[in-house]
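A.B. asks: Have a look at this one before I ask anything.
Shown next as structure tokens:
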């Protein structure tokens, strides 16, 4: 069983072939609303692979909140600890898609109201978990509290430090896996990737986009190449990687195997539109791996 503690958003997506300059208005190609939020995305990634997934988060008592909670249930995710509040609207992410890249503005809404009280309420759930996945789209104080609860309960944590500005370096003692991308790694550690990796063997895993991921195993730097594919929408690739990594580790794969598995899952995720739209099933990942993952 895996528990995700994190954000639940509605993504408001605009696709355009013209990136507007300051003060400029342009015509876009497409507008759509799709379920998102890094927490919910990572939860769906695990659930699609067949994992037993429980979500801790918050939504507003509005149409987006109802739709997002129902979406989690449809994906087979337990929502007992997804709270509906009347104190804030459901969080949203404004996503601009341009030339196979994305720029995102997140308005936290109800996500900002997740407090240690909600973590305490879910403590029995956390204690039963094989791993807890977290991100940084909920309050830093709550992240800190949840990390300490997991440490006290001896529950492994995979922390995806995004947005990186909310990361506290002291948390390295409380996490089992930290998964920044190259930019986030530089922001967090203020040094080159190689030096940072060598300080945290088998704990710090740096994602490299389409080039895969890397980590240091205590003796050498390990590079796991990505699978080259034609990207339609990269929005959910990192979240798919994190969910798949947690799934693979909790199913007994070595770190090297798990990173490769996560790379393949991420490559599949970018082939369809929407953060969750392309997240693969276990069979899809196995097929791309050539049946090597059992």
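Residue numbers (our numbering): -14 to 279. A virtual CB, placed ideally from N, CA and C, is assigned to each residue, including glycine.
1. Short check: CB of residue 114 to CB of residue 134, under 7 Å?
2. Can you list, in chain order, the residues of its chain with a C-beta nearer than 6 Å to that of residue 118? Leave out the 5 residues immediately preceding and following it.
3. Starting from residue 208, follow the beta strand (DSSP E) in both directions and report where the run begins and ends.
4. Where does residue 279 land, buried or exposed, given buried means 16+ other C-beta within 10 angstroms?
5. Tell me where the beta strand (DSSP E) around residue 87 begins and ends.
6. Would you tell me roughly how many angstroms separate the C-alpha atoms of residue 52 and residue 249, rounded to the nearest one?
7. Can you name the residues that DSSP bridges to residue 199?
8. Which residue from 50, 125, 120 and 83 puts its Cα closest to that of residue 100?
9. Look up residue 19 in the DSSP assignment and say whether it is helix, strand or coil.
10. To the nearest angstrom, report how far apart residue 188 and residue 240 are at their CA atoms.
11. Could you tell me which residues DSSP pairs with residue 63 in its beta bridges?
12. Have a look at residue -14 and residue 9 and give me their C-alpha separation to the nearest angstrom.
13. Rounded to the nearest angstrom, what separates residue 16 and residue 79 at their Cα positions?
14. In the DSSP assignment, find the unbroken beta strand (DSSP E) run with residue 83 in it and report its ends.
15. Is it buried or exposed for residue 4, if we count other Cβ within 10 angstroms and need 16 for buried?
16. Would DSSP call residue 99 helix, strand or coil?
17. Should the stretch 266 to 275 be regarded as contacting the stretch 62 to 78, the criterion being three or more beta carbon pairs within less than 8 Å?
18. Using only alpha-carbon positions, find the residue among 174, 138 and 137 that is nearest to residue 146.
19. By the DSSP assignment, the alpha helix (DSSP H) with residue 126 in it spans what residues?
20. Is the beta carbon of residue 222 less than 7 Å from the beta carbon of residue 254?
21. Considering just the uninterrupted stretch of the beta strand (DSSP E) at residue 0, what are its terminal residues?
22. Are residue 96 and residue -8 close, meaning C-beta to C-beta below 7 Å?
23. Quick check on residue 45: does DSSP put it in helix, strand or coil?
24. Roughly how many angstroms lie between the CA atoms of residue 172 and residue 159, to the nearest whole one?
C.D. replies: With the given structure in hand:
1. In the chain shown, the residue the question calls residue 114 occupies position 129. In the chain shown, the residue the question calls residue 134 occupies position 149. No.
2. Locating residue 118 in the chain shown gives position 133, counting from the first residue. So the list reads -11, 27, 143 and 231, once near-sequence residues are dropped.
3. Translated into the one-based positions of the chain shown, residue 208 becomes position 223. Taken as a continuous stretch (DSSP letters only), the beta strand (DSSP E) holding residue 208 covers 206 to 209.
4. The sequence position of residue 279 within the chain shown is 294, counting from 1. In this predicted model, residue 279 has a pLDDT of only 45, less than 50, meaning its place in the structure is not dependable enough to derive any value.
5. Mapped onto the chain shown, residue 87 falls at position 102. Note, residue 87: beta strand (DSSP E), 86 to 92.
6. Reading the chain shown from its first residue, position 67 is the one you call residue 52. Reading the chain shown from its first residue, position 264 is the one you call residue 249. Between residue 52 and residue 249, the C-alpha separation is close to 29 Å.
7. Counting from one through the chain shown, the residue named residue 199 turns up at place 214. Answer by DSSP bridge pairing, in chain order: 191 and 208.
8. Numbered from 1 along the chain shown, position 115 holds the residue referred to as residue 100. Comparing Cα-Cα distances from residue 100 to each of 50, 125, 120 and 83, the minimum goes to 125.
9. Taking the first residue of the chain shown as 1, we reach residue 19 at position 34. In the structure shown, the three-state DSSP call for residue 19 is strand.
10. Residue 188 sits at position 203 when you count from the first residue of the chain shown. Residue 240 sits at position 255 when you count from the first residue of the chain shown. Taking the straight line from one Cα to the other gives about 10 Å.
11. Taking the first residue of the chain shown as 1, we reach residue 63 at position 78. Bridge partners of residue 63: 39.
12. Residue numbering aside, residue -14 sits at position 1 when the chain shown is read from its first letter. Residue numbering aside, residue 9 sits at position 24 when the chain shown is read from its first letter. Going by the C-alpha atoms only, they are around 49 Å apart.
13. Taking the chain shown and counting its residues from 1, one reaches residue 16 at position 31. Taking the chain shown and counting its residues from 1, one reaches residue 79 at position 94. Their backbone Cα atoms lie some 11 Å apart in a straight line.
14. As a working mapping, residue 83 is identified with position 98 in the chain shown. Its beta strand (DSSP E) spans residues 76 to 83.
15. Mapped onto the chain shown, residue 4 falls at position 19. Exposed is the call here.
16. Residue mapping note: residue 99 aligns to position 114 of the chain shown, counting from 1. Note: residue 99 maps to coil in three-state DSSP.
17. The stretch 266 to 275, when compared against the stretch 62 to 78, does not touch it at the 8 Å Cβ threshold.
18. Position 161 of the chain shown, counted from the start, is the residue given in the question as residue 146. The option with the nearest alpha carbon to residue 146 is 174.
19. Residue 126 sits at position 141 when you count from the first residue of the chain shown. That run of the alpha helix (DSSP H) goes 125 to 138.
20. Within the chain shown, residue 222 is the residue found at index 237, counting from 1. Within the chain shown, residue 254 is the residue found at index 269, counting from 1. Yes, the pair counts as a contact, with Cβ atoms nearer than the cut-off.
21. Working through the chain shown from its first residue, we reach residue 0 at position 15. Annotation: the continuous beta strand (DSSP E) that includes residue 0 extends over -6 to 1.
22. Taking the chain shown and counting its residues from 1, the one referred to as residue 96 is at position 111. Taking the chain shown and counting its residues from 1, the one referred to as residue -8 is at position 7. Yes, these two residues count as a Cβ contact at 7 Å.
23. Position 60 of the chain shown holds residue 45. In the three-state reduction of the DSSP assignment, residue 45 falls in the strand class.
24. The sequence position of residue 172 within the chain shown is 187, counting from 1. The sequence position of residue 159 within the chain shown is 174, counting from 1. Using only the alpha carbons, I get a separation of about 19 Å.
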